[in-house]
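> First the structure, then my questions, so here it is.
Numbering (our numbering), first residue to last: 334 to 443.
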């Protein structure tokens, strides 16, 4: 039986590595070592305020927890940098609702 090896990453045993590109204002996860990437985009909307705008995972990789890793990395960044955040992205809103860490809740602007 043939396997679709081109969709095998991340494997259950492979850690998902989130990269933060501050210049492009995005968090990314490379998928299967190729040019495919999952991405979370943000913008600075004030000196100490970011808008977490959009999370996108290619269809073939959805349902594997990749967006959750992106959301966690973005929220940890907001906390570590002492920023405030607008949550425009519906997925990040969902992530924070499901993971109501006090340090996250203190950073969210409503």
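Even for Gly, the Cβ is constructed at its ideal location relative to N, Cα and C.
Quick caveat, the model's predicted, so the values are computed rather than measured.
Taking the straight line between their C-alpha atoms, what separation do you get for residue 373 and residue 350?
13 Å
> By the DSSP assignment, the beta strand (DSSP E) with residue 420 in it spans what residues?
417-420
> Does the region 360-370 come close enough to the region 415-423 to have 3 or more Cβ pairs within less than 8 Å?
no
> Would a C-beta distance cut-off of 8 Å place residue 422 and residue 388 closer than the cut-off?
yes
> Would you tell me roughly how many angstroms separate the C-alpha atoms of residue 401 and residue 434, rounded to the nearest one?
14 Å
> Going by C-alpha to C-alpha distance, which of 399, 410, 427, 437 sits closest to residue 375?
410
> In the DSSP output, which residue or residues are listed as bridge partners for residue 363?
370
> Which same chain residues, not among the five before or five after residue 442, have their C-beta less than 8 Å away from its C-beta?
382, 417, 418, 419
> Please report whether the beta-carbon of residue 397 lies at a distance below 8 Å from any beta-carbon of chain B.
Absence of chain B from the displayed structure is noted, only one protein chain being present.
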